[in-house]
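Asks:
In full-length UniProt numbering, the protein residues as written are 1 to 347.
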């Protein structure tokens, strides 16, 4: 369904941007920010929700070939890391001997771009923002995605090549470079990669010590819930001013909603439950109801402390991770990007 919705979103936006009617074309540019965020969210959801649960064999029945077929098709569609490498790296991420250490693929990527323990919070924030807008990061990320997608059997390689030709040659030939860049290329590349970086950099408390191993408490402490929003003005009993209300609405419309739609998609707000489901006696197959399962665990009193680790707003998510990283011991620097490390796992 979300694949069709992504195609439909792109198609409608292209129609508006290429319309012969001036008012429709202007409308296409006016709605461009919303359309791009919405499309980015759909593309990321296809990767970090559906493909993610397919490689966990919880999208379809365990052992079903559909899990592999769907993960293959979806990773081609969004030009993500191929499903075999994705499965290997992501299941490694879940191993308690690897989780959140430099052997974890996502943690390794953060290290490579200067987001490393032992540095000041200001330096970590600077490195995150610099990476978000770094051409080096985006070119490397896109190259990693395409190269990984081509590491497949010959027939599948042919499918990927045809899809790339459609995206890079056919689309601009039909709709023009400008419209294709706005409606497709930006959401599929730069914005997609910015969303991925914001997501996995705040996903866990990274690189703060040795792997948790059998220490359940340590494992749980590196997981947290991430939610978009903030208290409505006036809950403390004071009468809020117009300025306070205006600030709240602006942050809700231009920060929290875009973050939920374009970054923390699907069940990602309750990603701590995904890691701790077994510890609280829940089934991973309940992932479509993750947010409710998380609350059920809290209400039952057997939650592995999830209620104590709820972060609201992207600033608090970043701050939580970076405060812990700044207090951790610094790791030796690496001279270059780790070969084979992919930034796609983040789920």
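Idealized CB from N, CA, C, for every residue including glycine.
1) Using a threshold of 8 Å, state whether the C-beta atoms of residue 201 and residue 263 are closer than that.
2) Considering only their Cβ atoms, is the gap separating residue 59 from residue 117 smaller than 8 Å?
3) If I measure Cβ to Cβ from residue 171 and keep anything under 7 Å in the same chain, skipping five residues before and after, which residues do I get?
4) Among 322, 296 and 251, which one has its Cα closest to the Cα of residue 228?
5) If you measure between the beta carbons of residue 4 and residue 79, is that distance less than 8 Å?
6) What is the C-beta distance between residue 310 and residue 225, in whole angstroms, given that I count them as a contact (C-beta under 8 Å)?
7) Within the same chain, show all residues whose beta-carbon is closer than 7 Å to that of residue 42, passing over the 5 residues directly before and after it, in chain order.
8) Compare the beta carbon distance of residue 86 and residue 101 with 8 Å and say whether it is the shorter of the two.
9) Hey, which unbroken runs of the beta strand (DSSP E) at 3 residues or more fall wholly within the region 154–182?
10) What does DSSP give as the partner residues of residue 227 in its beta bridges?
11) So, does the region 14–29 touch the region 163–178, judging by three or more C-beta pairs under 8 Å?
12) In this structure, does DSSP put residue 204 in helix, strand or coil?
13) Which class does residue 285 belong to by DSSP, given the choice of helix, strand or coil?
14) How many Å lie between residue 182 and residue 12 at the Cα?
15) By Cβ distance below 6 Å, which residues in the same chain neighbour residue 72 in space, the five residues on each side in sequence not counted?
Replies: According to the structure shown:
1) Their beta carbons are not under 8 Å apart, which means residue 201 does not touch residue 263 by this criterion.
2) no
3) 180 and 184
4) 251
5) no
6) 5 Å
7) 2, 5, 6 and 9
8) no
9) none
10) BP columns for residue 227 point to 312.
11) yes
12) strand
13) helix
14) 12 Å
15) 83
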